[in-house]
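What follows is a short report on a single structure.
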Amino acid sequence: MPAKNWPILLLLTVVTLPLLIMCGYSVIDAFTDTAPGSLVPTRFTLEHFRFLWEPVAEARGSIWVATANTFVFATTSALVVTMVSLTAGYALSRLNFPARGFFLAGLIVLHAFPTITLIIAIFLILQMLGLYDTLIGVIVVKTALELPLGIWIMKGFYDTVPWEIEMAGVQDGASRATVWWYLVLPQVQPGLMALILFSFLSGWSEYILPQVLAPGSDARVLSTYLSSLILDDTKADFNLFKAVGLFYATPVVVIYLLFQKHLMNIYGGGTKG
Amino acid sequence: MQLDLINFTKRFGDTTVIENMSLSVHSGEMIALLGPSGCGKSTTLFAICGIHRIDEGQLMFGGKDVAHLPSQARNVGVVFQNYALYPHMTVAENIVFPLKVQKMNRTDREAMVRKYAELVRIDALLDRRPAQLSGGQQQRVALARALVRQPDFLLLDEPLANLDAKLRLEMRSEIRRLQQETGLTAILVTHDQVEAMSMCDRIALMNGGRIVQYDTPTAMYERPETAFVAGFLGNPPISFLSGSGLGLSEAQVAQYGVRPESFGPQFGSTLSGRVTFVETQGREDLFDVRLTTGEILRSIQPAGSGIRLADTVNWGVAHDKLLRFDQNGQRI
């Protein structure tokens, strides 16, 4: 590394340091006792992870139920978002159907729309449908709100697939569906992986929708579990809070580490311009 | 198989791209659709393979009208300009794809892939992916994939446009060899007259959505029906000039066409001019000669004539090779 880079490195270090300290202390404090206001840990302990094996009074419920709920919530909405985006994005990119321009414009508007302003209306609709305070209700809402972005991303990926590849497939005697499945989908696989990952993580970290639309303990997810730890208590246990936070964040980190490779794996094309 | 396109019309929105065009290709023949950009040659090709709908007219494959059949039901092999190989598949998977679609059994499939890979000489590359191949090799894969399903027709859309000059020469004879070995009826779309003349039995020269002449390369070169045809074919190109420049005056003749090989010292010394441009091509030299009337004639001569820029020359034209055109550009 050239020596003259040190001013940049110094600047970056100074800017990054607060973040690093925060991350570092959420790990350190989760495994140790530290007096509030102090930065020096006193002893190593796993006591703050007691929520894993015994119910914590403040949380009113098991972390495992919340984890399962979060997993079902994030997975289902990610799968539905991905499947709908895969087909809708293809249609918008390739097929000439009535009101295509309207749908495209609608996507962009919805994408830029502050959807949280709809929360009252959504609340009323869910109540009418009897889906208020259920996991399904939150999944439906979350999926619907994620769709515009997902469809838009997939349309962008489909747009990069050369038209000739599809035409070649059709000439080779394959139906449009076969062409889509065997020839086009593999080309947009990087986008597909990115979208699954993105919508799963988005579901995993969603807080407002479950908080407002499913406040009961049956449909509790990890974010609302975490918030109930501090909301319900006057005497905050910061170490417990950080331990739960660490537990909540670990899958995200793991997923990033696992899928990074897939995201980088972009195919070299056979089409030379 | 015989191909007949009868009174074919194609419109995009309100624009008529091709109007009332008819074209017949005999069985086993290779023809070129030649013409400048935007003349409708690719549109015609895509109409034949079914990518574009035929608005009016008939398309007969061996006497059967297929104009309303989808691409999948037409059994036409197409090689696209950019090859359109499937980038996520190996060479072998690319070639076998049409057979998989037909649900041919595995042993037959593999035998066919081997046979056609050998035919186009890529049998050593079957496990590679398209991105690992050179342009010429990708072209060969595209050819194998088009041929493996034993199509009734082979359509080639500017197949050599993306290759460098040396490969282009090689693939030119290679494609012709494959076409002759398989006995396929083939249509080549190109804007390069050299490709069309060297590869094809007949050339359909198109301009503005119409076929202006459909003939063998030799006939078209020697007996062009219009000044456009004469100007389009031939490299270096033909020169056009008025009668006064040549010292000729004939009724109805608006312009004369003189091919570069029909002007030079071997045809007498009736025309005087100054050399304004010399291009050395190795075996031959190309000269531009400005006549006293100000008109320019091109001449191609064997190298070593010693004639240099700004020299004055007295050369003649071969009168029996003169092409005469009337005011509408029709040859007389």
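Protein sequence lines, in the order shown, are assigned to chains A and B.
Heads up: the first sequence begins at 1 in my numbering, then just goes up one per residue.
Heads up: the second sequence begins at 1001 in my numbering, then just goes up one per residue.
Positions of the beta carbon are idealized from the N, C-alpha and C atoms, including for glycine.
For clarity, every value in this text was computed on a predicted model and none was experimentally measured.
Point to revise | Spatial neighbours of R1168(B) in its chain, beta-carbon cut-off 6 Å, leaving aside the 5 residues before and after | key: The residues are L1160.
**Prompt:** If we cut at 7 Å on Cβ distances, does P190(A) have a partner in chain B?
**Reply:** Interface criterion not met: the Cβ of P190(A) is under 7 Å from no Cβ in chain B.
Checklist entry - When the cut-off is 7 Å and only beta carbons count, does P98(A) lie next to chain B? => result Cβ-Cβ to chain B under 7 Å: no for P98(A).
Quiz item: Beta-carbon of V1078(B) versus every beta-carbon of chain A: anything under 7 Å?
Solution: Interface residue, yes.
| said: By the DSSP assignment, the beta strand (DSSP E) with T1312(B) in it spans what residues? | reply: That run of the beta strand (DSSP E) goes 1312-1317.
My output table needs one value for P1151(B): the three-state DSSP class, helix, strand or coil. In the structure shown, P1151(B) sits in coil (DSSP, three-state: anything other than H, G, I, E or B).
Kindly give me the distance between the Cβ atoms of L1147(B) and L1045(B), rounded to whole angstroms, as I take these residues to be in contact under 8 Å.
Not quite, the Cβ-Cβ distance comes to about 17 Å (not below 8 Å), so this is no contact.
Would you decide whether Y1256(B) is buried or exposed? Buried here means 16 or more other CB atoms lie within 10 Å of its CB.
Of the other Cβ atoms in all chains shown, 16 or more fall within 10 Å of the Cβ of Y1256(B); this residue is therefore buried.
request  = May I ask which residues mark the beginning and end of the beta strand (DSSP E) holding R1202(B)?
outcome  = R1202(B) -> beta strand (DSSP E) spans 1202-1207.
For N265(A), which residues in the same chain have their Cβ closer than 7 Å to its Cβ, ignoring the five residues on either side in sequence? At N265(A), the pLDDT of 42 sits below 50, so the modelled position is not reliable and the matter cannot be decided from this model.
### Query
How far does the alpha helix (DSSP H) with A1032(B) in it reach, from first residue to last?
In the DSSP assignment, A1032(B) falls outside any alpha helix (DSSP H) and within the unbroken beta strand (DSSP E) covering 1030-1034.
DSSP on I108(A), reduced to helix/strand/coil?
I108(A) falls in the helix class under three-state DSSP.
**Prompt:** For K1166(B), which of helix, strand or coil comes out of DSSP?
**Reply:** Note: K1166(B) maps to helix in three-state DSSP.
Which term fits M128(A), buried or exposed, when burial requires 16 or more other beta carbons within 10 angstroms of its beta carbon?
-> So M128(A) ends up on the exposed side.
| Using Cβ-Cβ distances below 7 Å, what residues of the stretch 151-180 of chain A are close to chain B? | Residues of the stretch 151-180 of chain A that bring their beta carbon within less than 7 Å of a beta carbon in chain B comprise P162, E164, I165, M167, A168, V170, Q171, D172, G173, A174, S175, T178, in sequence order.
Neighbour list for L276(A) in chain B, Cβ cutoff strictly below 9 Å: There is simply no residue 276(A) to check, as chain A begins at 1 and stops at 273 in what is shown.
**Asked** What beta strand (DSSP E) runs, 3 residues minimum, are completely inside the stretch 1185-1251 of chain B?
**Response** The stretch 1185-1251 of chain B contains these whole beta strand (DSSP E) runs: 1185-1190, 1202-1207, 1210-1215, 1239-1241.
Per DSSP, which residues does D1285(B) bridge with? Please list them.
-> According to the DSSP secondary-structure assignment, D1285(B) is paired through a beta bridge with T1280(B), Q1301(B).
Quick check on DSSP: helix, strand or coil for V1017(B)? It is a strand residue.
Exercise. Leaving aside the five residues before and after D1014(B) along the sequence, list all residues of the same chain whose C-beta is less than 7 Å from its C-beta, in chain order.
Key: Here the set comprises nothing.
Among V1096(B), G1038(B), N1075(B), L1005(B), the one whose alpha carbon lies nearest that of Q1058(B): Scanning V1096(B), G1038(B), N1075(B), L1005(B) for the CA closest to the CA of Q1058(B) turns up L1005(B).
#### Entry: Other residues of its chain near A88(A): CB distance less than 6 Å, five sequence neighbours each side excluded
Closer than 6 Å at Cβ, skipping near neighbours: I151.
Mind checking if I1051(B) is an interface residue toward chain A, Cβ cutoff 7 Å exclusive? By the rule that beta-carbons nearer than 7 Å mark a contact, I1051(B) touches chain A.
Same chain only: Cβ atoms within 7 Å of R1202(B), ignoring 5 sequence neighbours per side: Closer than 7 Å at Cβ, skipping near neighbours: E1029, I1031, Y1214, D1215, T1216.
- request: Specify whether the stretch 1283-1292 of chain B and the stretch 1316-1327 of chain B touch according to this definition: at least 3 beta carbon pairs, one from each stretch, less than 8 Å apart.
  value: Short answer: they don't touch.
(request) Kindly say whether P186(A), judged by its beta-carbon, lies nearer than 7 Å to any beta-carbon of chain B. (result) Closer than 7 Å: yes.
Using a Cβ cut-off of 8 Å, pull out every chain A residue sitting near R1149(B), in sequence order please.
D172, G173, listed in chain order.
Note to self: Assuming contact is defined by CB atoms lying nearer than 7 Å, are Q1072(B) and G203(A) in contact in what I supplied?
What the structure shows: For Q1072(B) and G203(A), no; Cβs fall outside 7 Å.
Check: Considering only residues of the same chain and omitting the five flanking positions on each side of M1206(B), which have a CB-CB separation below 8 Å?
Finding: Excluding five sequence positions before and after M1206(B), the CB atoms of its chain that fall closer than 8 Å to its own CB belong to L1033, L1034, G1035, C1039, G1040, K1041, T1044, V1212, given in chain order.
- Query: If you draw a straight line from the alpha carbon of Y248(A) to that of W163(A), how long is it in whole angstroms?
  - Reply: So the alpha carbons of these two residues sit roughly 43 Å apart.
| task | With K1010(B) as the anchor, note down where its beta strand (DSSP E) starts and where it stops. | result | First-last of the beta strand (DSSP E) with K1010(B): 1003-1012.
Can you check DSSP and say which residues form a bridge with K1064(B)?
Assignment of beta-bridge partners to K1064(B) by DSSP yields F1061(B).
Going by DSSP in three states, V1079(B) sits in which element: helix, strand or coil?
Residue state, collapsed to three classes: strand.
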